[in-house]
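Chemist:
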Amino acid sequence: MLKSIRLTRLPVLSILIFVLMGCQAIDSSEPVLLIQHPLDPLTAAEYTQATSILNNAGYTNAASRFATLEIHDPSKQSVRQWQAGDDVNRAAFAIIKQGLQTFEAVVDLSNSSVLSWQEIEGVQASLLIEDYLSAFQILAEDEGHIAALAARGLSPEQVACSPMTVGNYNNPLYAGRRVIKTPCYALQGEGSRFTRPIEGLWAVVDVNSREVIELVDDGIIPLAENSAATLVRTNRQALNETVLYQPDGANFTVNGHLVKWDNWTLHYRLEKRSGLVVSDITYRDGERERSILYQGAVSELFVPYMDPDANWYTRTFLDAGEYGFGGSATPLAAGVDCPDTALFIDALIPDDLCAAASIPDAICIFERNLGDAAWRHFEFDSGYEGRRAVELVLRMGAAIGNYDYFIDWVFTQDGRIKPRIGASGYDGYKGVISQSMDDPSAAADTAFGTLVAPGLVGTNHDHFFSFRLDLDIDGLDNSLTLDRLVPRDVDGPRTAWVVEPQVPTSEQEAMINYNPARPTNWKVVNPNVRGPVGHSPGFVLKPMNSVAYTLLDSSDPAHQRAAFTGHQLWVTPYHADERYAAGNYVNQGDFGLGLPSWTAANRAIENTDIVLWYTAGFHHVPRAEDFPIMPSAWHEFELMPFNFFDRNPALDIPPEWRGD
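In structure tokens:
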């Protein structure tokens, strides 16, 4: 009966690897890849080695399940001192579920030893594939759930269920349990299962005790009859081919995980939790390699839905920490997700049991010329001069339940870094009685969303991405400067504004909310370095179109478990163990972990190694145009050089292509 209840909100690749391949993963007997950089991700052989070391030391056994297995970052100092060809000391970090217990381990791969093994009490590790499978098996065998489906004219073979986390809402029934909520969808008809929710019926399963602890049936709501396939119009004519074209090949090189392009050098990897991580980013300025960003990644993703219904209020997902942003990565399609000219790269993630599982085409790297000018000027006496702008893009895509996301790291020839967020997929649809806004029930049915089709409401929700930005501008010791634009009365017939800099000295001074009425440049500078005319080199974080404010009350448990959304900007002193804005363990986790807990110490942040945490996001009010599948929407911010260079760094772009 297990096979008859299908899976949603689960990375497709992981299902195929775990279920179809029986956790065979990657053959670790294949030739060992050469480690070319201290921050390279674990190889397939290293996955096997790490688990073998733990098994041989007696810490793990056949019952152990790996929620995380990844490279344990070496110290910044060792990375800065490392040169190509040097030996690389390798270590792995693991989070392991053993029965009701959770452990953290650090394994020395270079010396085949266990450096640390520690139980972390009172926490739940991120969800495992085994948790999903257990939940569906338990549900498939539950007589109450089978009967509720039958009352709706459905059999288990016609149903797909979603494994949803429940957060922490102080529900005593869930205390001390490892629980998954399982609303379901009908598979009848064509199109996506997400457009056919079985509203009013849901269950909660304890995957540790293997029982249904809650089954709620609030009454039958007729299934929406919409078929996504019938909504596709076929009268649009195809366009003439419009593609990126590189007849002479790419301008970037990839050596292992090290990328060189134009004046940029950077390292990349894919992690199960954070997804695409970029590191050790430098820019060649004349004869100098100048450090800018030591590491950048998505730290957390918070998606709270606004409907207070019992089936919906727990849908406040911390997708990175609960499901894994990188673990949800999916193959990218050439010519659609990325240009045909892109380089497509496979990535490895850990499975529950054995070793490394491959995600083909998980990352793409490409250049693009959008027809924009890097700079230009026209004068009537001397004519026109300008230069074309080309960008380098590193991209990953992830499917987390009904949503699809892109994360881009974009590098420009004038020295900017532009993180971008793309969103598509399906809205969170709720089944309702109303077929039209003219129905008497429409006002109540659409109190927390939009009627996008007969019997279907797209529920209001937010998307908040916390980016961890470990900036090292020309070295480790940096400061945050707030350049406030302040109106000032001046002599003469008008007024003006001036820049008044302020340097926060502690963490709590740097908890900042964006205020368009009081414009401020958020600038990171190195106060120990001076440019040609005496400026401290810096980079400004520009929010662009990525600013969103949480509208949840501070007393709301959803807000408390994602308290990083309370400010657009946080600044902390660098600490190797502080990587995730909502804390290490967010699945049913305690309130106030992560940034609120760390910054309570109010540590010094002036002229030291600092990390910026930027909350990018958007409110999503669904619209009919989102149905059945929403057009891709993009949001971005950028890191822009500010007195970092002594002139326009794009000034030396040649006017012609290399082959001209």
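As numbered in our numbering, residues 4 to 663 make up the sequence shown, in order. All C-beta atoms in this analysis are idealised placements derived from N, C-alpha and C, irrespective of residue type, glycine included.
1. Leaving out the 5 sequence neighbours to the left and right, which residues in its chain are closer than 6 Å to S32 when beta-carbon positions are compared?
2. If contacts are defined as beta-carbon pairs under 8 Å, then A337 and D343 qualify, I think. What distance do you get, rounded to the angstrom?
3. Whether or not the region 239-257 and the region 215-226 are in contact is what I'm after, with contact meaning three or more pairs of Cβ atoms, one per stretch, closer than 8 Å; do they touch?
4. Counting only beta-carbon atoms, is R93 nearer than 8 Å to chain D?
5. Which word fits N518, buried or exposed, when buried means at least 16 other C-beta atoms lie within 10 angstroms of its C-beta?
6. Which residues in the same chain have their Cβ closer than 7 Å to the Cβ of Q511, if we skip the five residues on either side of it in sequence?
7. By how many angstroms is the C-alpha of Q571 removed from the C-alpha of G461?
8. Rounded to the nearest angstrom, how far is the Cβ of R371 from that of E394, given a contact under 8 Å?
9. So, with DSSP's three-state summary, where would you put N628?
10. On the premise that R471 lies in contact with S302, defined as a C-beta separation below 8 Å, what is that separation, rounded to the nearest angstrom?
11. By alpha-carbon positions, which one of M440, L103, S539 ends up nearest to V527?
12. Given that a residue counts as buried once 16 or more other Cβ atoms are within 10 Å of its Cβ, and exposed if not, what is P34?
13. May I ask you to report which of helix, strand or coil DSSP gives K79?
14. Which residues bound the alpha helix (DSSP H) around G147?
15. What does a CB cutoff of less than 8 Å around A53 pick up in its chain, not counting 5 residues either side in sequence?
16. Is the beta carbon of W573 less than 8 Å from the beta carbon of W525?
17. Between L544 and the rest of its own chain, which residues show a CB-CB distance below 7 Å, the 5 nearest in sequence each way excluded?
18. Do the region 159-169 and the region 179-193 touch if we need at least three Cβ pairs shorter than 8 Å?
19. From this set, A138, Y432, M514, M309, which residue's C-alpha is nearest P457's C-alpha?
20. Helix, strand or coil for T245 per DSSP?
21. Taking 8 Å as the threshold, find out whether the region 589-600 comes into contact with the region 487-502 through three or more Cβ pairs.
22. Which residue marks the beginning of the alpha helix (DSSP H) containing H562, and which one marks its end?
23. Where does Y177 fall in DSSP's three states?
24. Based on the DSSP output, what are the partners of P2 in its beta bridges?
25. Throw me the rounded Cβ distance for the S195 and P658 pair, which I believe falls under 8 Å.
26. Skipping 5 residues on each side, what residues in its chain have a beta carbon closer than 6 Å to that of T484?
27. Have a look at the DSSP bridge pairing and note the partners of F347.
28. With which residues is W264 paired in a DSSP beta bridge?
29. Check whether the region 252-259 touches the region 297-315, taking contact to mean three or more Cβ pairs, one atom from each stretch, closer than 8 Å.
30. Can G620 and D465 be called in contact, C-beta distance under 8 Å?
31. Let me check one thing: in DSSP terms, what residues is N524 bridge-paired to?
32. Does the count of Cβ pairs from the region 397-409 and the region 272-279 closer than 8 Å reach three?
33. State buried or exposed for M440, treating a residue as buried only when at least 16 other CB atoms are found within 10 Å of its CB.
34. Excluding sequence positions up to five away, which residues of its chain have a Cβ less than 8 Å from the Cβ of S78?
35. Looking at C-alpha atoms only, which residue of M633, S385, F542, E214 is the closest neighbour of G147?
36. So which of S549, P652, G386, A154 has the shortest CA-CA distance to Q416?
Modeler: With the given structure in hand:
1. Indexing the sequence shown from 1 puts residue 32 at position 29. At S32, the pLDDT of 46 sits below 50, so the modelled position is not reliable and the matter cannot be decided from this model.
2. The sequence position of residue 337 within the sequence shown is 334, counting from 1. The sequence position of residue 343 within the sequence shown is 340, counting from 1. Sure, about 5 Å apart at Cβ, within 8 Å.
3. no
4. Among the chains of the structure shown, chain D does not appear; only one protein chain is present.
5. As a working note, residue 518 is residue 515 in the sequence shown. Under this definition N518 is an exposed residue.
6. In the sequence shown, residue 511 corresponds to position 508, counting from 1. Answer for Q511: T602, N605, listed in chain order.
7. Locating residue 461 in the sequence shown gives position 458, counting from the first residue. Locating residue 571 in the sequence shown gives position 568, counting from the first residue. So the alpha carbons of these two residues sit roughly 27 Å apart.
8. Here the question's residue 371 lines up with position 368 in the sequence shown. Here the question's residue 394 lines up with position 391 in the sequence shown. Between E394 and R371 the Cβ distance is about 6 Å, and since that is below 8 Å, they are a contact.
9. For the purposes of this step, residue 628 is taken as residue 625 along the sequence shown, with counting starting at 1. Sequence check: residue 628 is Glu here, not Asn. Here E628 sits in helix by DSSP.
10. The residue you call residue 302 lines up with position 299 of the sequence shown. The residue you call residue 471 lines up with position 468 of the sequence shown. About 4 Å; that satisfies the 8 Å criterion.
11. Here residue 527 refers to the residue found at position 524 of the sequence shown. When each option's Cα is compared against that of V527, the closest is S539.
12. Counted from its first residue, the sequence shown places residue 34 at position 31. Because P34 sits at a pLDDT of 44, beneath the cut-off of 50, its placement in the model cannot be relied upon, and the following sentence gives the value as read from the coordinates. When all chains shown are included, P34 counts as exposed.
13. The residue given as residue 79 occupies position 76 in the sequence shown. Correct three-state label for K79: helix.
14. Here residue 147 refers to the residue found at position 144 of the sequence shown. Per DSSP, G147 belongs to the alpha helix (DSSP H) from 146-154.
15. Walking along the sequence shown from the start, residue 53 turns up at place 50. Result list for A53: L45, L72, A95, A97, V110, L112, in chain order.
16. The residue given as residue 573 occupies position 570 in the sequence shown. The residue given as residue 525 occupies position 522 in the sequence shown. Taking 8 Å as the Cβ cut-off, W573 and W525 do not qualify as a contacting pair.
17. Against the sequence shown, residue 544 aligns to sequence position 541. Cβ neighbours of L544 beyond the five flanking positions: W525, L615, Y617, F640, L642.
18. yes
19. Within the sequence shown, the letter at position 454 stands for residue 457. P457 has its Cα closest to that of Y432, out of A138, Y432, M514, M309.
20. Stepping through the sequence shown from its first residue, residue 245 is reached at position 242. It is coil, neither helix nor strand.
21. no
22. Mapped onto the sequence shown, residue 562 falls at position 559. 560-564 is the span of the alpha helix (DSSP H), which, as asked, contains H562.
23. As a position in the sequence shown, residue 177 is number 174, starting the count at 1. Three-state result, Y177: coil.
24. Residue 2 lies beyond the stretch modelled for the chain, which goes from 4 to 663, so this question has no answer here.
25. What you label residue 195 is simply residue 192 of the sequence shown in a count that begins at 1. What you label residue 658 is simply residue 655 of the sequence shown in a count that begins at 1. At roughly 49 Å, the Cβ-Cβ gap does not stay under 8 Å, so S195 and P658 are not in contact.
26. In the sequence shown, the residue the question calls residue 484 occupies position 481. P504, V506, K526, V528, listed in sequence order.
27. Residue 347 sits at position 344 when you count from the first residue of the sequence shown. Answer by DSSP bridge pairing, in chain order: C367.
28. Numbered from its first residue, the sequence shown carries residue 264 at position 261. Looking at the DSSP assignment, W264 forms a beta bridge with W267.
29. no
30. The residue labelled residue 620 in the question sits at position 617 within the sequence shown. The residue labelled residue 465 in the question sits at position 462 within the sequence shown. Yes, the pair counts as a contact, with Cβ atoms nearer than the cut-off.
31. In the sequence shown, counting from the first residue as 1, residue 524 sits at position 521. Partner(s): D486.
32. yes
33. Along the sequence shown, read from residue 1 onward, the residue named residue 440 stands at position 437. Exposed.
34. Locating residue 78 in the sequence shown gives position 75, where the first residue counts as 1. Here the set comprises A579.
35. The residue labelled residue 147 in the question sits at position 144 within the sequence shown. When only C-alpha atoms are compared, the closest one is E214.
36. Position 413 of the sequence shown, counted from the first residue, corresponds to residue 416. The residue with the shortest Cα to Cα distance from Q416 is P652.
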